[in-house]
Structures are given as structure tokens and as C-alpha cells.
Amino acid sequence: MTAPPPTSRAQRCRRRAVRAGLLLVVCVAALAAAEGVARHLGGRSLTARLIPPRRYDCVRLCGAAASGTVLDAGGGWLNEGKRTEILICSRWNGSAWDRPVDITIRNAKLRGAIRITGMGRNGQGTSVRASSRTAGHTARAQAAAPTRITISNVWIEAEGRIPIYLAPGVTHVTVEACVITGRSRSAAFYFDAESGRNILRGNTFAARVAREAVAVDGSAGNRIVGNVFTSIPLGGIYLYRNCGEGGTVRHQTPNGNILADNRFMTRGLALRTYGIWLGSRNGRRAYCGCDAGYPFGSSLDNRDFADDNTVTNNMFMPMTSRALRDDGSHNRIVP
Numbered sequence: 024m025t026a027p028p029p030t031s032r033a034q035r036c037r038r039r040a041v042r043a044g045l046l047l048v049v050c051v052a053a054l055a056a057a058e059g060v061a062r063h064l065g066g067r068s069l070t071a072r073l074i075p076p077r078r079y080d081c082v083r084l085c086g087a088a089a090s091g092t093v094l095d096a097g098g099g100w101l102n103e104g105k106r107t108e109i110l111i112c113s114r115w116n117g118s119a120w121d122r123p124v125d126i127t128i129r130n131a132k133l134r135g136a137i138r139i140t141g142m143g144r145n146g147q148g149t150s151v152r153a154s155s156r157t158a159g160h161t162a163r164a165q166a167a168a169p170t171r172i173t174i175s176n177v178w179i180e181a182e183g184r185i186p187i188y189l190a191p192g193v194t195h196v197t198v199e200a201c202v203i204t205g206r207s208r209s210a211a212f213y214f215d216a217e218s219g220r221n222i223l224r225g226n227t228f229a230a231r232v233a234r235e236a237v238a239v240d241g242s243a244g245n246r247i248v249g250n251v252f253t254s255i256p257l258g259g260i261y262l263y264r265n266c267g268e269g270g271t272v273r274h275q276t277p278n279g280n281i282l283a284d285n286r287f288m289t290r291g292l293a294l295r296t297y298g299i300w301l302g303s304r305n306g307r308r309a310y311c312g313c314d315a316g317y318p319f320g321s322s323l324d325n326r327d328f329a330d331d332n333t334v335t336n337n338m339f340m341p342m343t344s345r346a347l348r349d350d351g352s353h354n355r356i357v358p
């Protein structure tokens, strides 16, 4: 039996290249699968989870003593351009929530984020969760949270955190004529559970985000009008109810919102994403059962109930079949 002819150096190089290519394909497929699992479980990309959080200075405007505060930088940087979170928050005084009202931030540049909180920093806060387990939670959360806050003509350069976050119960916030840039590990703007009657008007969203640009999570009666979205690779405006996360029962549904006269640049819109999606989750999260056992809200039914919203005169450039998806009921949609 004759020995096989020796392989040449060129053949060996080709084989190594083929093996390297196959390994790359396997790695990309594994990463894509992990990314899909991460989004299914938490609504946030795997790459976003791997980015380490950065340290921020914190400017606190908390309690009734902060009411009436005006931060006007005359077009300059707040906090000398340092990475900063402006926290507008309520305080528990031992018997009731002490909340600020009538705060204005205007004519400024901010490197960081603005967060407005009442009972908790997010929907999983201890006080939020405890309140959610009895009827009347929406009214309690709204009575506890800051109200009548105006953010006008502010240029925000995000550095990881959500640029503007309205925590549970926040009402009557107006955000207008702002420009959102930079990078967020999540959305660019977040309306959290039990919040409502806020206005998002005439803003430009140009930040790189790890999910949809604007999340309306169990928030009702908001007006999102006249905004420009320069890039929405992972979606534009999504309405849903984040059932069960952290064991908190979500009571309010994303209903009665008005989405009008917004412009979406849809080039690069990823598969299975939409410019506007009414009812984007409907129980499709592993943690939806974590609030089980109560006869109301998301404990009773995990669906979003993104119903009775108005979507009118929005522009998608270029137009696409994935401009809008309606998984709710009785929504008024006018091209």
C-alpha cells in the first residue's frame, strides 16, 4: 500500500483557514443564541449587560424642600460637564412620602442622566412591591411621586444609564425640545409602571441604545408628539406591561396614550422589531409568574392590554411593513 502524498504548505493553510472560518460561524451562532435568550429573559441585550457601569456624581433634588427649584445653565454644562445623574426624588418621612413639585431644568447640557423617583428607583423597589400587593396601588404610587417637572432645551449625552427615566407613579412631567445623544445600556426614555399624563414633545432621539428608544411600561395617558428618531435599529416606541418582574404586580395598563406627528428613520431596523409596537410583550417573559397570587393587575393576567391608544400622522422613512404592529384592542390608528 502506498503512502498518501504529503500535503503542501498551501493546502495546510487552506485547511486551517476553513477550520477558523467554521469556528467563527459557531461562535457567532452561539453569541446570537445567547443574545436572544438575554432579550427574552430581560428585554436587554447581552452586550449591554456586559458593559461595566460607570460612576456618576449625583445632584439630588429631593423632598418638598426642593419644590420650585430651577436649574438654568444658560446653554452651558451642568456640573461642569462631569458624568452626573440628576435625581428628583420623594422621601419617606416616617409616616408619608414627602415629594417635590414644580422643578424645572432648562437651557443646559448634561453628560449623564435624569431620573425622577417616588416610592422606588424602579418597578422592583421594596416599597413599590409592597404597595403593589393591595388594591389602589396606582393612586398611592402617583400620590407619592414627584409631579409637575419640566425638562426643556436640554442636550443630554448619555453614558450608559437611561438618559431620562420616569419611575413608578411619576405624573405631569413635560420633556420638550431636548436632544438625546450618547449611549444607553437600555432605552433612551422610560415611562415606568403606574406613571401617567406626561408629555414628550419636540425632542430628537439620536442615542445608541440596546433596545427600543422609548419604553411605555404600564404607563397611561401620555402624549408622545412631534419627536424625531434618527435611528431605531432595535425599535422605536413600544407599549407593554412588564408583568411580574421583581415580584411587583403591575396594576395599570399602557392605555390612553397619544403617539402623533413623530418621525422615525427606519433604515437599519432589525428583524422582528417595529417603529411602533402596541403590546410588545404580552406575557413573553420568564419572570411573569413572579407576582402570582393576587386578584388584580398583572398577577391576574400577564397580557399587556395596550388598548385605547391613539396613533396618528406618524412618518416612517423609508416606509416599511414593520412601521407599526398593533397587538392591543380598540386602538385608533390613522396613517
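In the numbering used here, each number is its position in the sequence shown, counted from 1, plus 23.
Note that beta-carbon positions come from the ideal geometry of N, C-alpha and C, so glycine has one too.
Terminal residues of the alpha helix (DSSP H) in which residue i lies
i: A167; result: H160 to A167
i: V151; result: T149 to S155
i: L323; result: G320 to L323
Per DSSP, the bridge partner or partners of residue i
i: A238; result: Y213 and Y261
i: F228; result: I203 and F252
i: L301; result: L262 and D349
i: Y188; result: R138 and Y213
i: R286; result: V251 and M338
i: T197; result: T173 and I222
i: T107; result: D80 and G135
i: D331; result: Answer is none; D331 lacks a bridge partner.
i: L101; result: DSSP output for L101 lists no bridge partner at all.
DSSP state of residue i mapped onto helix, strand, coil
i: L84; result: strand
i: N278; result: coil
i: L292; result: coil
i: R220; result: coil
i: D314; result: helix
i: N337; result: coil
i: R348; result: strand
i: R114; result: strand
i: R246; result: strand
i: A89; result: helix
i: R42; result: helix
i: L64; result: In this predicted model, L64 has a pLDDT of only 45, less than 50, meaning its place in the structure is not dependable; the value taken from the coordinates is given anyway. Three-state result, L64: helix.
Close Cβ partners of residue i (< 6 Å) along its chain, the five nearest in sequence each way excluded
i: K132; result: W100 and W178
i: R224; result: E199, V248 and G249
i: R355; result: T333
i: V60; result: At V60 the pLDDT is 48, less than 50, meaning the model places this residue with poor confidence; the figure from the coordinates comes in the next sentence. Closer than 6 Å at the Cβ level, and outside the excluded window around V60, lies no residue.
i: A243; result: G219, Q275, N278 and G279
i: T197; result: T173 and I222
i: C112; result: C85 and T140
i: N337; result: N285
i: A92; result: With the sequence shown as reference, residue 92 is identified as Thr, and Ala is not the correct amino acid for it. Hits under 6 Å: L84 and I126.
i: A89; result: P123
i: L262; result: V239, P277, L301 and A329
i: N176; result: R129, N130 and A200
Element boundaries [beta strand (DSSP E), containing residue i]
i: G205; result: V202 to S207
i: E182; result: T170 to G183
i: D125; result: V124 to T140
i: V355; result: The residue asked about is misnamed: residue 355 is Arg in this sequence, not Val. Run containing R355: R355 to V357, per the beta strand (DSSP E) assignment.
7 Å Cβ shell around residue i - same chain, five flanking residues per side excluded
i: R171; result: V124, D125 and H195
i: T271; result: G146, Q147, V151, R152, S155 and D314
i: A230; result: A181, P186, I203, T204, G205, R206, S207 and A211
i: G312; result: G267
i: P76; result: G183
Other residues of its chain near residue i: CB distance less than 8 Å, five sequence neighbours each side excluded
i: D324; result: none
i: L64; result: The predicted model places L64 with a pLDDT of 45, which falls under 50 and marks its position as unreliable; any figure quoted below should be read in that light. These residues qualify, in order along the chain: R308, A309 and Y310.
i: H160; result: S154, E217, V272, H274 and G320
i: T149; result: G143
Do the region 293–306 and the region 322–333 make contact, defined as three or more Cβ pairs closer than 8 Å? Taking 8 Å as the limit for Cβ pairs, the verdict is that the region 322–333 does touch the region 293–306.
Quick one: any contact between the region 234–243 and the region 114–121, if contact means 3 or more CB pairs under 8 Å? Cβ pair count under 8 Å is below three, so no.
Taking contact to mean 3 or more Cβ pairs, one atom from each stretch, closer than 8 Å, check whether the region 215–229 and the region 161–169 are in contact. yes
I want to know whether the region 199–210 touches the region 149–161 - three or more CB-CB distances under 8 Å. no
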